[in-house]
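Novice: Next up is a structure, given as structure tokens.
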Amino acid sequence: MGAMKHLVVKTNKGKKAHQQPGTTETRLQSMAPMPLIMTRVLCLIALLFVGLLISVLSYTISDLVPFSTKQPLYLYWGYHIDCPGKHCDTCAGLGHQESSLRCALEEALFLHRTFVMPSRMCINQQHNDKGILRASTNSGNFEGWGVQSCAMDSLYDLALISQTVKVILDSSAEWHQALSKARLLKTAVDIKDISRSELKHDSLYKEAVVINRTASPLAWFVECSDRKNHRNVLLPYSFLPKMAAKPLRLVAETIIEQLGDYDAIHVRRGDKLKIRKDRFGVNRTLFPHLDRDTQAGAILRRIGNWIPEGRTLFVASNERKPGFFDALGTKYKVVFISHFKSIVDPVVQNNYQLFIIERLILFGAKTYVKTFKEDPSDLSLTNDIKKKLRAWEIPVYTFDNSSGPLGCWRTAWGWICLGAEEMPSGGMQGQCTAIVGGMKRREMGRDAKGREERCQGKRAHLTNKFNKSEAGRRGYQAPAGE
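In our numbering, the protein residues as written are 4 to 485.
Right, dumping it as structure tokens:
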């Protein structure tokens, strides 16, 4: 009995000893959820704090950048440059189209709007033959590129432009969505003959999501005709040339690196040498001295004051006559874009791209001589004014040089050149040329004295005949014979 009692007691003690740890585990299990709950609560508080901080920061940023959280506002001028307008059926050159595009970009910048840029640029076929990729000795038989337009982003770096003024293409999904929404909500306005200031300050236009300028019949650049007022000039002429597409910039940089230390001239001829006759049959041109000043001999005399002999001279020109610039090689190491055909050909698909590359090379020269003076500090080949409207003048083909044999004499009937070095027809020195009523007569004497006498006689005869004519009676007097 005592042993049984002892066993029971021992068993109970063992049970107690065995149950003691279990009691501790039970307590631990009952206490374990408390820290976990606290951790979860702290995490939730932290998340709420972070969310509150983000909302405060985003609100602050939206205050600093007022246009980032608002609905974008758009400015639309048309589906291609200068159209609608007078150039819908025709196509202007790159320079005119850039003037129009710069004008539209200026307005978008002024209004703090996104400019909807045409996705393609029309190419004028007059400026799109492959002759510009030439050597100076080639045949002069030029093939066209065969394209009527090109993608806008193949000419310009839109991301680079957007750093100054935000642009999107009219073929983008963003524009189509914005236009559809604006039409649905009637938040698009068509405008005509409205100034920038009115668009910016009048609430009717200020709140419009889309401003549509296609109602204007004018060419785009006309809207920026008052560029003499420098307060209206928001983008310089050099803005778009410096926004060239990246592949074109890389080509230009490669060529500039190969040229090393060089100078450059831009010789604009071709389309600028237009001649038309007035009602009296007299030839007239917008730039009376351009043909004379862009001859190779005249260029040598002009640039000699600025570019030392022996320098590398890069020549960019639309002149197509083979060998036209050969005389420059007597004093300079003349280089054309055609010398870099292996670099240019894989990239260039039209002359607009090619001219953009040439323009970047011109900008990179140590001394750059332009055809026309655009700024007072520019060096130029001619003193003729670039921006001229309806001021057609009689062309001048010679320089006022008293040391010449006899020089040239100009009448409203035409030219009489007495032994001049440079003649309208490019004739021999000592030749006397009289142009009367569109008919050209040449007389060659056996000696200089005989030529001089005959030319002086014809000069006096033409002077008297002209002054007695209807034009002379109306006040057009030719100079008296010497």
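Don't be surprised by glycine CBs; every beta carbon is placed ideally from N, CA and C.
In the DSSP output, what is H83 paired with across the bridge?
Specialist: H83 is bridged to C86.
Novice: Does G81 pass the burial test, meaning 16 or more other C-beta atoms within 10 Å, or should it be called exposed?
Specialist: With 16 or more Cβ atoms within 10 Å of its Cβ, G81 is classed as buried.
Novice: Take the Cβ of T27 as the centre, count every other Cβ of all protein chains shown within 10 Å, and call the residue buried at 16 or more, exposed below.
Specialist: Any reading at T27 is ruled out, since the residue's pLDDT is 49, under 50, leaving its predicted position unreliable.
Novice: Can you tell which of Q298, D296 and K275 has its C-alpha closest to the C-alpha of R287?
Specialist: Residue K275 is the option with its Cα nearest to R287.
Novice: Would V168 pass as a contact of L112 if the rule is Cβ separation under 8 Å?
Specialist: Yes; because the gap between Cβ atoms is below 8 Å, this pair is in contact.
Novice: For the alpha helix (DSSP H) holding R314, just list the boundary residues, first then last.
Specialist: It is not in any alpha helix (DSSP H) - R314 carries neither H nor E in the DSSP assignment.
Novice: Could you give the first and the last residue of the continuous beta strand (DSSP E) run that contains D160?
Specialist: That residue, D160, is in no beta strand (DSSP E); it is neither H nor E in DSSP.
Novice: Please go through the stretch 226–306 and give each complete alpha helix (DSSP H) segment of 4 or more residues, from N-terminal end onward.
Specialist: Qualifying alpha helix (DSSP H) stretches, in chain order: 249–262, 293–296 and 299–306.
Novice: Starting from the Cα of C153, find the closest Cα among E226, L363, Y371 and I84 and give me that residue.
Specialist: Residue I84 is the option with its Cα nearest to C153.
Novice: Excluding five sequence neighbours on each side, which residues of the same chain lie with their C-beta closer than 6 Å to the C-beta of K336?
Specialist: Within the same chain, K336 has close Cβ partners T315.
Novice: Which residue comes first and which comes last in the beta strand (DSSP E) that contains V337?
Specialist: Residues K336 to V338.
Novice: Within a Cβ cutoff of 8 Å, which residues of the same chain sit near S103, ignoring the five residues on either side of it in sequence?
Specialist: Here the set comprises I84, D85, A95, A222, W223 and F224.
Novice: Could you tell me the boundaries of the beta strand (DSSP E) in which S183 lies?
Specialist: Careful: S183 lies outside any beta strand (DSSP E), inside the alpha helix (DSSP H) at A176 to L188.
Novice: Using the three-state DSSP reduction, which class does R477 fall into: helix, strand or coil?
Specialist: Note that R477 scores 44 on pLDDT, short of 50, meaning its location in the model is unreliable; the coordinates nonetheless yield the value given after this. DSSP places R477 in coil when its eight states are reduced to three.
Novice: Which runs of the beta strand (DSSP E) at least 3 residues long sit entirely within the stretch 331–365? Give them in chain order.
Specialist: Counting whole runs of 3 or more residues, the stretch 331–365 contains the beta strand (DSSP E) stretches 336–338.
Novice: Give me whichever residues DSSP pairs with F327 in a beta bridge.
Specialist: Beta-bridge pairing links F327 to no other residue.
Novice: Does the stretch 379–399 come into contact with the stretch 283–300, if we say contact requires no fewer than three beta-carbon pairs (one atom in each stretch) closer than 8 Å?
Specialist: Yes, the stretch 379–399 touches the stretch 283–300.
Novice: Contact between the stretch 263–282 and the stretch 242–254: three or more CB pairs below 8 Å?
Specialist: No: the two stretches stay apart, fewer than three of their Cβ pairs being nearer than 8 Å.
Novice: Under 8 Å, do E312 and V270 count as touching if we go by C-beta distance?
Specialist: Their beta carbons are not under 8 Å apart, which means E312 does not touch V270 by this criterion.
Novice: Within the chosen definition, does the stretch 346–354 reach the stretch 367–374 through at least 3 CB pairs nearer than 8 Å?
Specialist: Judged by Cβ distances under 8 Å, the stretch 346–354 makes no contact with the stretch 367–374, as fewer than three pairs qualify.
Novice: What are the boundary residues of the beta strand (DSSP E) that L172 is part of?
Specialist: Element bounds for L172: V170 to L172.
Novice: Span of the alpha helix (DSSP H) holding R199?
Specialist: Unbroken alpha helix (DSSP H) run through R199: R199 to H204.
Novice: Please report the straight-line C-alpha distance between V318 and F402, rounded to a whole angstrom.
Specialist: So the two alpha carbons sit approximately 24 Å from each other.
Novice: In its own chain, which residues sit with a C-beta less than 7 Å from the C-beta of P250, not counting the 5 before and 5 after it?
Specialist: These residues qualify, in order along the chain: V350.
Novice: Roughly how far, in whole angstroms, is the beta-carbon of L182 from the beta-carbon of M155, given that I think they are within contact range, below 8 Å?
Specialist: Between M155 and L182 the Cβ distance is about 18 Å, and since that is not below 8 Å, they are no contact.
Novice: Measure the C-alpha to C-alpha separation of S157 and A49 and round it to an integer number of angstroms.
Specialist: Looking at the two C-alpha atoms, the distance is approximately 51 Å.
Novice: Buried or exposed: Q100, going by 16 or more other Cβ atoms within 10 Å of its Cβ?
Specialist: Counting Cβ neighbours within 10 Å, Q100 comes out buried, since at least 16 surround it.
Novice: With 16 as the cutoff for other CB atoms within 10 Å, does C227 come out buried or exposed?
Specialist: Looking at its Cβ environment, which holds 16 or more other Cβ atoms inside 10 Å, C227 is buried.
Novice: Pull up the DSSP beta-bridge partners for T117, would you.
Specialist: For T117, which the question treats as bridged, DSSP gives the partners Y77.
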